[in-house]
Amino acid sequence: MSLETHSEPECGQTAATACCDEPAGPFGKYADRVIGNRSLTRLLRYEFLTWWLAYRPGCAGLFLRRIFYRGLFRSMGKGAIIGVGVSLRQPGKMSLGRDCVIEDLAHLGVRGSDDAAIRLHPHVIIGRGAILNARNGEIEIGEHSSIGGLARIACTDGKVTIGRHVLVAGYSYIGCCGHKIDRLDVPMMLQGSDTKGGVTIGDDVWIGAGAIVLDGVTIGKGSVIGAASLVTRDIPDYSVAFGSPAEVKRKRT
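Per my numbering: the sequence shown = residues 11 to 263.
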């Protein structure tokens, strides 16, 4: 099963692993979680900037975050905008392209290996309250794509790739994360992750509100996924698909 419905431990993290991975002491735990290392200088910079600027309203807040948040990210393109109350975990593993917009109260988090990352290409919009989480994985979103409010994209040990000019409507879920369920003597949340290679969404795709796209799925270029659909298998290019599970109903060509 691949639908993530819990928050902690994260997919692929057993309770025993979490315990062993956590450093001794609250400072080490917190630093590893929010910046990915235990550099006191980097932690103090993160704490000061987010405390001072995260909830500063209006044009002044947008302007100051555009200037001073630049040092928190791996890269931040010209014209990128960070809204009010945006939550960031390990922003040093995130790249924001030119003119990206992260709207109010969104959450972007990276955890795990140095290869884990979130990459937003130019002109990407992350809607209000949307959540992007990458644990030992990667989320990449192509140019001019838009992730709707309260949508969620999550990956563990895999990659979610979203092409250019893609519309992901609000309340949707896209994820490459699941748990092994083979053993009956061990709780499922302790059996480790079960991944199928991630999710790939081609260019010019429209995913309707509340749709769910599960691990191992490829949605072809120019396709439309109906609202509240459950996508469990590949969708060919230029298809209109909906239902639970989603089935191709017609072609756009």
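Where a beta carbon is used, it is the ideal one built from N, C-alpha and C, also for glycine.
- Residue nearest to D192 within the set R76, G202, I45, D124 is G202 (criterion: CA-CA distance).
- Not a single unbroken stretch of the alpha helix (DSSP H) spanning 4 or more residues falls wholly within the stretch 128-179.
- Here the alpha carbons of G188 and H131 stand approximately 27 Å from one another.
- Closest in C-alpha terms to A219, from the list R162, I211, H175, P36, comes R162.
- Non-local C-beta neighbours of V94 in its own chain, meaning closer than 8 Å and more than five positions away in sequence, comprise A64, Y65, R66, P67, G71, D114, L115, ordered along the chain.
- Nearest to D125 by alpha-carbon distance, out of T166, M198, Y40, is T166.
- Boundaries cannot be given for E113, as no alpha helix (DSSP H) includes it and DSSP labels it neither H nor E.
- At a Cβ-Cβ threshold of 8 Å, L142 and I135 do not count as neighbours.
- G185: not part of any alpha helix (DSSP H); member of the beta strand (DSSP E) spanning 183-186, first to last residue.
- A Cβ-Cβ distance of about 17 Å is found for the pair G212 and D225, leaving them out of contact under the 8 Å criterion.
- The closest CA to that of N146, considering only K103, I235, S156, is found on K103.
- Separation of the CB atoms of V215 and I229 is rounded to 6 Å, and the pair is thereby assigned contact status at 8 Å.
- Annotated three-state conformation of R76 is helix, per DSSP.
- For the pair R76 and T242, the Cα-to-Cα distance works out to about 39 Å.
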